[in-house]
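Novice: At position 219 of the sequence shown (counting the first as 1) the number is 219 in UniProt numbering, and the numbers step up by one without a gap. Even for Gly, the Cβ is constructed at its ideal location relative to N, Cα and C.
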Amino acid sequence: MFETILVDMIPAGRNNRPGTPINGPYFITVHDTANPGKGANALMHAKYLKGEAAEALPVSWHFTVDDTRVVQHLPITEHGWHAGDGSRGEGNLSAIGIEICENEDGNRAEAEARASRLVGDLLYKLKLPIVAVVQHNHWSGKNCPHIIRARKNGWENFLDGVRNQLNAHLGKDDVPMTEAERKQFEALVNRVEELEAQHDMKVPSWAKPAVDRAIELGLIDAPADGSSRDFFRLLTIMYRRGLLKD
Ligand SMILES: [Zn+2]
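1. Taking 7 angstroms as the cut-off, is the C-beta of Cys101 nearer than that to any heavy atom in ligand 1?
2. Taking 7 angstroms as the line, does the beta carbon of His138 fall inside it for any heavy atom of ligand 1?
3. May I ask you to report which of helix, strand or coil DSSP gives Trp206?
4. Under three-state DSSP, which class holds Gln198?
5. If distances are taken between C-alpha atoms only, which option among Ala113, Lys142, Lys152 and Leu170 comes closest to Leu126?
6. How many whole angstroms separate the CB atoms of Ser87 and Asn16, which I take to be in contact at a CB cut-off of 8 angstroms?
7. Consult DSSP for Thr64 and reduce its assignment to one of helix, strand or coil.
8. At what residue ranges does the UniProt domain "N-acetylmuramoyl-L-alanine amidase" (15-162) contain a whole run of the beta strand (DSSP E), taking only runs of 3 or more?
9. Would you say His31 touches ligand 1, meaning its beta carbon is less than 7 angstroms from a heavy atom?
10. Quick one: is Asn153 buried, meaning 16 or more other Cβ sit within 10 Å of its Cβ, or exposed?
11. In the DSSP assignment, the alpha helix (DSSP H) including Leu244 goes from what residue to what residue?
12. Determine, using beta carbons only, whether Ile148 and Phe158 come nearer to each other than 8 angstroms.
13. Do Val70 and Gly120 have their C-beta atoms within less than 8 angstroms of each other?
14. Going by Cα to Cα distance, which pick from Ile22, Ala222 and Thr33 is closest to Glu112?
15. Can you check whether the CB of Leu93 is closer than 8 angstroms to the CB of His79?
Below you can see the structure in the form of structure tokens.
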């Protein structure tokens, strides 16, 4: 299942929506909002991006995630200004920007889990590998996403969530086996069954004289069915060498 996205775009033509095509996109950049205030959730950031302060900077990104929703502010076909690596920076020009809320009245763990699922959705849709997911820090050296970075194994755990979501999508889309693969698979199953059957064999005709002799001598019980191929071979060798005597 894909995360539900509430679309609330920055109006076209505003200074923080350049409208120029994104390169790729080749990366997904993760941020924390660094705004712990009460009510600083995804909807509030959508409002902020449509206001004068964000336009003046200019600053913009593609998605904001809080504990209850994902809001989209820019089409993923356009670039924003969120990476802090300049007007020609690869981070700004080729990465989708995602901000995770840290408002004190929200559930931060829920927001991070939702963000990791969104990133997994995007990797799947854009056919990008897990290494395409980077921190804001990667582009500008800023300590962002600061909460994830401050927590032990924070980034690794976040990526685990991304991977789980991506794998869930990939698993659903498993392509069925081709006819040749199916035949190969069936042959393998048959071979395994054949090998297993060797451990529970009826007495093969080539082993019959040896088995009869061994029963006669009281060395084994009759019937001798249910033994392995190796057992019958060993018995036959002994018989042929004349070792099965009184
Ligand atoms: Zn950032």
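Specialist: By the coordinates alone:
1. Here residue 101 corresponds to residue number 101 of the sequence shown, with the count starting at 1. No, Cβ of Cys101 sits at least 7 angstroms from all heavy atoms of ligand 1.
2. Counting from one through the sequence shown, the residue named residue 138 turns up at place 138. Incorrect: His138 has no Cβ contact closer than 7 angstroms to ligand 1.
3. Mapped onto the sequence shown, residue 206 falls at position 206. Reduced to three states, the DSSP call for Trp206 is helix.
4. Residue mapping note: residue 198 aligns to position 198 of the sequence shown, counting from 1. If DSSP states are grouped into helix, strand and coil, Gln198 belongs with coil.
5. Numbered from 1 along the sequence shown, position 126 holds the residue referred to as residue 126. For Leu126, the nearest C-alpha among the options comes from Leu170.
6. Reading the sequence shown from its first residue, position 87 is the one you call residue 87. Reading the sequence shown from its first residue, position 16 is the one you call residue 16. That pair is no contact at about 13 angstroms.
7. Translated into positions along the sequence shown, residue 64 becomes position 64. Of the three classes helix, strand and coil, the one that applies to Thr64 here is strand, per DSSP.
8. 27-32, 63-65, 70-72, 95-100 and 133-135
9. As a working note, residue 31 is residue 31 in the sequence shown. For ligand 1, at least one heavy atom lies less than 7 angstroms from the Cβ of His31.
10. As a first step, residue 153 must be located in the sequence shown, where it is residue number 153. Exposed is the call here.
11. The residue labelled residue 244 in the question sits at position 244 within the sequence shown. From DSSP, Leu244 is part of no alpha helix (DSSP H); its letter is neither H nor E.
12. Within the sequence shown, numbered from 1, the residue matching residue 148 stands at position 148. Within the sequence shown, numbered from 1, the residue matching residue 158 stands at position 158. Yes; because the gap between Cβ atoms is below 8 angstroms, this pair is in contact.
13. Counting from one through the sequence shown, the residue named residue 70 turns up at place 70. Counting from one through the sequence shown, the residue named residue 120 turns up at place 120. No, the Cβ-Cβ distance between Val70 and Gly120 is not below 8 angstroms.
14. Indexing the sequence shown from 1 puts residue 112 at position 112. Here the closest residue by C-alpha is Thr33.
15. Residue numbering aside, residue 79 sits at position 79 when the sequence shown is read from its first letter. Residue numbering aside, residue 93 sits at position 93 when the sequence shown is read from its first letter. Against a cut-off of 8 angstroms, the Cβ pair of Leu93 and His79 comes out as a contact.
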